[in-house]
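Trainee:
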Amino acid sequence: MVNVDQDKLAKMQQSVRIGGKGTARRKKKVVHKNVGGDDKKLQMTLRKLQANNITGIEEVNIFREDGSVIHFTNPKVQATVQANTFAISGNPETKQISEMLPGILHQLVGLSSALPKTMKPQEETIAEEDDVPALVEDFDEASKNEAV
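Under our numbering, the sequence shown has 158 at position 135, and the numbering climbs by one with no breaks.
(1) Please indicate yes or no: does the CB of F162 lie closer than 8 Å to some heavy atom of the ligand GDP?
(2) From this set, V159, I111, Q66, which residue's C-alpha is nearest I77's C-alpha?
(3) Tell me the rounded alpha-carbon separation between V104 and K71.
(4) Would you identify the three-state DSSP class for H55, choosing helix, strand or coil?
(5) Work out the CA separation of A106 and K99 for me, nearest whole Å.
(6) Rounded to whole angstroms, what is the Cα-Cα separation between H94 and K52?
(7) According to DSSP, what are the bridge partners of P115?
(8) Tell me the rounded alpha-carbon separation between S91 and F162.
(9) Determine which residues share a DSSP beta bridge with T108 and list them.
(10) First and last residue of the beta strand (DSSP E) that includes I85?
(11) Hey, how far is the Cα of E164 from the Cα of L124?
(12) Evaluate Q29 with the Cβ neighbour count: other Cβ atoms within 10 Å of its Cβ, from every protein chain shown; 16 or more gives buried, anything less gives exposed.
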């Protein structure tokens, strides 16, 4: 006859039972992930706002205060004019602006007022003293003397 330690057996039973009394024993607890729940809620909200898809957008760049850029390649863009809302979905990449500079120069033209403070060029103060010397003599009087 097999001799089984009752305490050890009770401990094993408690560790593998997921539910209450009468439920099946399992090797491990299975956790189900809610993969599409947030996406479905977002799509339903955008439908309520009457968002329209905008086609033909190849990339989206969002400039942050710290000088980094959130870059989307081939995103799905939806817009609602009435609510002034844009939804951008896709795979984002966070990059430094220096990594993207040759390709995004055309986007930065005219946006200097919208750039974050850390990215704006520092304005140089113009000194009041110029290199032009002060006017010492009266030229009108000198021209009259030369004409005589």
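Built from N, CA and C at the ideal position, the CB exists for glycine as well. The model shown is predicted, which means the values in this text are computed figures rather than measured ones.
Mentor: In short:
(1) The model on display carries no ligand, and the ligand GDP is accordingly not part of it.
(2) I111
(3) 13 Å
(4) coil
(5) 18 Å
(6) 39 Å
(7) F95
(8) 59 Å
(9) T103
(10) 82 to 86
(11) 60 Å
(12) exposed
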